[in-house]
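Residue numbers (this note's numbering): 214 to 654.
First comes the structure, then the notes that go with it.
See the structure below:
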């Protein structure tokens with residue numbers, strides 16, 4: 214009989230053979246690269262020093278000026294200590310304090326016109342893990358989760374923990390969603406949660422304003438048959454879109470229509486934690502029943518203040534202009550890459566219309582599909598040798614034959630020389646012998 218260690222070894226060997234083996238350290242030397250396009254630091258906050266962020270935020274108007282004043286008061290009051298401290302307990306115990314409540318109260322005032330409030334979670338993962346299981350307490354409503362097929366793993370984990378029935382609808386396919394709602398009505402479900410992401414991080418595609426409005430209208434259309442709760446994860450849109458920099462729901466002025474807006478603060482705003490925007494009664498329910506909130510040591514107040522400051526920064530006109538330029542540049546990049554691919558396919562006597570199969574996205578995330586784990590490794594190393602660090606995305610994270618490089622556009626590419634360097638490098642890879650294998654597969 215094999216020992217447990219031998220069984221683990223065989224399992225890990227199989228991962229290596231299938232090019233699915235993960236290891237730490239791959240991205241630990243990012244400063245050695247000319248371009249780091251692997252991270253979610255779209256606004257370049259990671260490379261800015263504290264005083265720069267503070268001054269640019271203080272000197273620019275934003276919707277968060279009351280929050281800025283709280284941050285400034287905190288910095289005056291803060292006792293000297295060079296590293297952030299922990300909170301000492303969960304929010305329901307010693308982890309709560311005046312400053313934490315001041316931040317949430319300030320955000321609540323901003324959200325008051327939408328009849329919403331905010332609740333801090335330790336991360337987007339904690340929020341996605343902690344919200345859906347709460348609905349298990351209402352079995353008499355026969356809750357059903359309907360989620361987009363490409364929902365993030367953290368949300369799926371939350372659904373699994375809830376032990377509630379769920380179905381996946383085809384990606385961004387509202388007709389398929391409607392058919393599943395009709396089936397839910399027939400099965401006498403009285404509560405449905407429809408879950409989606411505003412931006413899907415692997416493909417970089419958006420939910421359109423039209424689709425959002427259709428979803429909102431579904432709530433009204435079915436209100437006599439069941440309750441529909443809309444759940445939107447804004448992870449990759451926070452800081453990049455919206456009047457308040459809270460994402461696409463904010464941009465489309467639908468904050469008052471969505472039941473759960475999850476706003477993780479670790480990407481464009483480059484900090485920690487997540488804001489859950491919801492109604493006051495649902496917030497009250499979460500405070501009383503959401504286990505990751507109740508049983509986790511809360512974020513330290515320094516971290517909460519850093520997250521607040523970065524959200525203020527993202528909402529300045531200066532940062533909004535940067536975000537707009539980054540989106541425009543990513544769209545230009547997609548156009549150029551598709552053109553390179555069309556020319557390459559024609560040279561190989563292949564259908565140039567296939568070029569669109571290899572390039573995806575509608576925002577700051579560009580996906581470049583190379584169709585195998587082995588090709589991901591080869592492409593990753595090609596760009597690595599040129600000093601460009603990209604995200605290497607393999608199956609099973611994405612479906613087989615959808616393996617890809619992910620290019621996350623950020624402020625570094627606002628330098629025209631750096632952008633040209635990236636374009637030229639992609640053109641050279643598309644022309645390479647190695648990439649022919651992806652084009653002919």
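All residues carry an ideal CB built from backbone N, CA and C; glycine is no exception.
Just so you know, these numbers come straight off a predicted model, no measurement behind them.
Alpha carbon to alpha carbon, what distance is there between residue j and residue i?
i, j, result
"residue 343", "residue 335", "11 Å"
"residue 556", "residue 534", "34 Å"
"residue 642", "residue 605", "15 Å"
"residue 217", "residue 225", "12 Å"
"residue 281", "residue 354", "43 Å"
"residue 298", "residue 221", "37 Å"
"residue 637", "residue 630", "10 Å"
"residue 424", "residue 387", "8 Å"
"residue 574", "residue 291", "43 Å"
"residue 486", "residue 566", "43 Å"
"residue 316", "residue 367", "26 Å"
"residue 328", "residue 321", "9 Å"
"residue 269", "residue 285", "13 Å"
"residue 345", "residue 499", "10 Å"
"residue 595", "residue 255", "23 Å"
"residue 431", "residue 607", "35 Å"
"residue 531", "residue 580", "27 Å"
"residue 390", "residue 652", "34 Å"
"residue 289", "residue 517", "16 Å"
Whose C-alpha, out of the options, is nearest the C-alpha of residue i?
i, options, result
"residue 318", "262, 589 and 493", "493"
"residue 505", "265, 299, 234 and 337", "337"
"residue 466", "484, 339 and 324", "324"
"residue 449", "404, 475, 425 and 553", "475"
"residue 615", "540, 570 and 396", "570"
"residue 381", "519, 369 and 228", "369"
"residue 457", "429, 521 and 400", "521"
"residue 307", "508, 610 and 618", "508"
"residue 528", "304, 410 and 273", "273"
"residue 408", "363, 304, 400 and 599", "363"
"residue 482", "623, 301, 288 and 315", "623"
"residue 524", "266, 237 and 247", "266"
"residue 510", "609, 301 and 288", "301"
"residue 252", "433, 414, 402 and 352", "414"
"residue 416", "245, 583 and 230", "583"
Identify the residues that DSSP records as bridge partners of residue i: which are they?
i, result
"residue 333", "488"
"residue 445", "409 and 474"
"residue 572", "581"
"residue 381", "360"
"residue 601", "248"
Would residue i count as contacting chain D if we go by Cβ distances under 8 Å?
i, result
"residue 348", "Considering every chain present, this structure includes no chain D. It has just one protein chain."
Every unbroken beta strand (DSSP E) within the region 603–654, with a cutoff of 3 residues, ordered by chain: 617–621
Segments of 4+ residues assigned as alpha helix (DSSP H) that fall wholly inside the region 451–513: 461–464, 493–502 and 504–508
In chain order, each alpha helix (DSSP H) run of at least 4 residues that lies wholly inside the region 388–439: 422–434
Entirely enclosed beta strand (DSSP E) segments - the region 342–376, minimum 3 residues: 356–361
Contiguous alpha helix (DSSP H) assignments of at least 4 residues, all confined to the region 249–279: 263–271
Three-pair Cβ contact test at 8 Å for the region 551–567 versus the region 588–599: no
Beta strand (DSSP E) segments (min. 3 residues) lying fully within the region 286–325: none
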